[in-house]
Amino acid sequence: MKKYLTFLLAIALILLSFVGCSDMMEKLGKISLTIALDTPDIDVASFSLEGTLSNSSTRVVWHDIATPRHTLSALKSGTWNLTVTALDDDGEQLGVGTQQVHLKEGQIVETTLLVVFTQAIPSAGGFTLSSPSRYDSSDGELAGTTQNMEYKLASSPEDAPYTACTEGTTILGAGTYLVRYAAAHGLHASEPISVTVPDYQPIQLTIGDPTLTTSKIYDGTTGVRGTVTLGALGGVRESDTVTISAQATYDNKSAGSGKS
Numbered sequence: 106m107k108k109y110l111t112f113l114l115a116i117a118l119i120l121l122s123f124v125g126c127s128d129m130m131e132k133l134g135k136i137s138l139t140i141a142l143d144t145p146d147i148d149v150a151s152f153s154l155e156g157t158l159s160n161s162s163t164r165v166v167w168h169d170i171a172t173p174r175h176t177l178s179a180l181k182s183g184t185w186n187l188t189v190t191a192l193d194d195d196g197e198q199l200g201v202g203t204q205q206v207h208l209k210e211g212q213i214v215e216t217t218l219l220v221v222f223t224q225a226i227p228s229a230g231g232f233t234l235s236s237p238s239r240y241d242s243s244d245g246e247l248a249g250t251t252q253n254m255e256y257k258l259a260s261s262p263e264d265a266p267y268t269a270c271t272e273g274t275t276i277l278g279a280g281t282y283l284v285r286y287a288a289a290h291g292l293h294a295s296e297p298i299s300v301t302v303p304d305y306q307p308i309q310l311t312i313g314d315p316t317l318t319t320s321k322i323y324d325g326t327t328g329v330r331g332t333v334t335l336g337a338l339g340g341v342r343e344s345d346t347v348t349i350s351a352q353a354t355y356d357n358k359s360a361g362s363g364k365s
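Here it is in structure tokens:
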């Protein structure tokens, strides 16, 4: 009987030890992640997800995850740093998003992570540059801009703000500018491209030699009569008015030198 009681007591102690261990075991948590994509026009081949636990060596990586929702299970409590990377067909990074989640023991947390993409540099071939119309004017043109672009003088400080472009054509003074796609929700600003609005170009007028068509030959008493025709005039802008005059003189001293 004594041996039997000793056996039961041993079993009871073993069971109590299991209960104690069970109470000491950490309850694992879960993160329900929603991946936000506000740039549907960007062609993404795949997404990868990395999670690291602060103050530990714990690191987990998931490849080709499903979007927009992904569940991370069996996670220890603590601060989890999540990174989602968008990749193209060649495995090159198109965009990235990060989120920090504070997970308590046994907790289920829902969170959203925004993937932010990098925009391409504006194409230099998409712009047409025109100089100001006057030497004292700032009406030069940068044609080909959109409302998603912004500019600033290339000589301005690095931290100087950009100014929004106008849809179609942006009016600028002569000078060199930095133009880029502006940052937006889900988009980083692109790297800028340098463009130069040329200086005002003075108008170059050209005129051909005038010609004289005579209607009466000099007869010694009455001067030569005829018509002076102006030479061809070039370089006049449509909005300008140019006044010119011409004069014909005798080239024969017997015809009355100096008379016209």
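Following this note's numbering, the numbering of the sequence shown begins with 106 at its first residue and continues without gaps. Glycine included, C-beta positions come from ideal geometry on N, C-alpha and C.
Continuous beta strand (DSSP E) stretch holding residue i: start and end
i, result
"Thr-223", "221-223"
"Glu-155", "151-158"
"Gln-198", "198-208"
"Thr-301", "298-302"
Cross-strand partners of residue i (DSSP beta bridge)
i, result
"Glu-255", "Ala-269, Arg-285"
"Ser-243", "According to DSSP, Ser-243 bridges with nothing at all."
"Ser-178", "Note: Ser-178 sits in no beta bridge, so no partner."
"Ser-137", "Thr-176, Glu-215"
"Leu-88", "Past the edges of the chain, shown from 106 to 365, lies residue 88, and the structure says nothing about it."
"Ile-308", "According to DSSP, Ile-308 bridges with nothing at all."
"Ser-235", "Glu-246"
"Leu-292", "Phe-222, Ala-289"
Backbone secondary structure at residue i - three-state DSSP
i, result
"Gly-331", "strand"
"Val-347", "coil"
"Gly-339", "strand"
"Gly-280", "strand"
"Gly-183", "strand"
"Ala-229", "helix"
"Ile-170", "coil"
"Thr-275", "strand"
"Thr-316", "strand"
"Leu-142", "coil"
Presumed contact (8 Å Cβ cut-off) between residue i and residue j, rounded CB distance
i, j, result
"Ala-225", "Ser-295", "6 Å"
"Ala-366", "Phe-222", "For the chain, the structure presents residues 106 to 365; residue 366 sits outside this window and is missing."
"Leu-158", "Leu-218", "With a Cβ gap of about 17 Å, Leu-158 and Leu-218 do not count as contacting."
"Arg-342", "Ile-308", "7 Å"
"Thr-188", "Thr-176", "The pair is not a contact, with the Cβ atoms about 17 Å apart (cut-off 8 Å)."
"Asn-253", "Ala-279", "That pair is no contact at about 25 Å."
"Thr-274", "Leu-247", "7 Å"
"Val-310", "Val-333", "Position check: residue 310 holds Leu in this sequence, whereas Val was assumed. No, Leu-310 and Val-333 are not in contact; Cβ-Cβ is about 19 Å, not under 8 Å."
Any non-hydrogen atom of the ligand GDP closer than 7 Å to residue i Cβ
i, result
"Leu-310", "Here there are no bound small molecules, and the ligand GDP is not part of this structure."
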